[in-house]
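One structure is given here, and the rest of the page talks about it.
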Amino acid sequence: VETLVRSFEDPAVDVVTWGSDSFDDLGHFKRVWSPPASRKSKVLSCDEVLERFLKGSSSEWSHYLPIAHLSAVRRALAEKVERSATGRQFLPMNPDYTSAFQWLAHGGKVACLADALVVYSTKQHSNGRAIMLKLPSSASFFKELKSKNSIGYDRIPVKAMTIPGAILNDFVKMQELVGGRLARHAVDMPRLYRAIYASISSALKEGVDMSDELNAWHAALGAEPLAVRQQVVACGKPTKRKSGLAAVAKHLESLIKGCWKKHLLRLPEWRHASAMNYIQSKKQDFIAKKTAGAER
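Read in our numbering, the sequence shown has 148 at position 88, and its numbers run on one by one without any break.
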């Protein structure tokens, strides 16, 4: 709370967003991933945040985009959104993103904190993962929305449900509803195709049948102008997850190509049995630092 209050001392800052740690329990070993140590806190204009969102990769803009569950917003800005054309903060399909787009449309500056103020307890249960893996719970999600999954791609050319596509689809919807600042920032079409392709490839590696989505991607790209097609980097044909010796060989190949750098840059914590155990450890560290500071 002290950190957030200090961030809002700048009257130009309307939104504060912060990082998150992730308790990864999907593999053989439980571990906590933290943001890179090189990440720095900074204050950006809403236009700068939108530019980074539309031009950069998710690993780049995730630090700057003020998604709802990792952000705090001034009451005045929230009330301004509620008086706008949409009439509310959160709209489907991705309410944590539609709210962010509205804050960026009506706000001044965003304070982006490098520190992680929360930790995700698991990746096992999330709408995004369920949709990517086509799990039964994803059908329940759309049923609760009283909508078909076309709500995730009715404004973009690739007629297939993917999380990157759905987020950019929501951005286009917000452009139509809100206009103004959002309308001045165009979707980067080559980036849209690359992001959707990467999502399809990830699902294929998990053993999911993505033939319909892949066909939709190729059909949409084939209808694009030559300039767009030329900018979409040839990613190679996605392959299904390998097993046995083939999987071992693929893993070694990835290590040789430099994937190990990710582990060195983010330095995972291996010593915590659960997310709550990690939180208690962080709490003790915080108290120790406060006590040491008071003694000095």
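All residues carry an ideal CB built from backbone N, CA and C; glycine is no exception. None of these values were measured; they are calculated from a predicted model.
Residue-chain proximity (Met-234, chain C), Cβ-Cβ < 8 Å: Structure shown: chain C not included; a single protein chain is present.
Start and end residues, alpha helix (DSSP H) containing Gly-79: Here Gly-79 belongs to no alpha helix (DSSP H); instead the beta strand (DSSP E) covers 73-84.
Short Cβ contact (8 Å threshold) for Gln-235 with Ala-226: Inclusion of Gln-235 and Ala-226 in the CB contact set at 8 Å is not warranted, their separation being larger than that value.
Whole-angstrom distance between Lys-342 and Val-218, CA atom to CA atom: 43 Å
Alpha carbon of Gln-149 to alpha carbon of Ala-276, nearest angstrom: 32 Å
Three-state secondary structure (DSSP) of Ala-280: Under the three-state reduction of DSSP output, Ala-280 falls in the helix class.
Between the CA atoms of Glu-142 and Lys-321 - distance to the nearest angstrom: Low per-residue confidence applies at Lys-321: pLDDT is 49, beneath 50, and the placement is therefore not dependable, though the value from the model is reported in the following sentence. Near 44 Å, if we compare the C-alpha coordinates of Glu-142 and Lys-321.
Rounded C-alpha distance that separates Asp-214 from Ile-127: 22 Å
Straight-line gap, His-166 to Ala-333 (C-alpha atoms, nearest Å): 43 Å
Rounded separation between Glu-284 and Lys-102 - CA only: 37 Å
Pick from Leu-193, Val-232 and Ala-279 that is closest to Gly-212, judged by C-alpha positions: Val-232
Nearest-angstrom Cα separation, counted from Lys-208 out to Arg-134: 34 Å
CB contact flag (Pro-224, Ile-191, <8 Å): no
Assumed close pair Ala-160, Leu-125 - CB separation to whole angstroms, cut-off 8 Å: The pair is a contact, with the Cβ atoms about 6 Å apart (cut-off 8 Å).
Ser-117 - DSSP class collapsed to helix/strand/coil: coil
Where Arg-134 sits in the DSSP three-state scheme: coil
Where Ala-171 sits in the DSSP three-state scheme: strand
Sequence-distant residues of its chain with Cβ nearer than 6 Å to Gly-318 (five each side left out): Below a pLDDT of 50, predicted positions are generally treated as unreliable, and Gly-318, at 49, falls in that range; no measurement from the model is reported.
Three-state class that DSSP yields for Lys-357 in the structure shown: The displayed coordinates of the chain run from 61 to 356. Any statement about residue 357 would go beyond what the structure contains.
Closest by C-alpha distance to Gly-188, when choosing among Ala-352, Ala-263 and Asp-81: Ala-263
C-beta contact flag for Ala-389 and Gly-79 at 8 Å: Outside the displayed span of the chain (61 to 356) sits residue 389, for which this structure offers no information.
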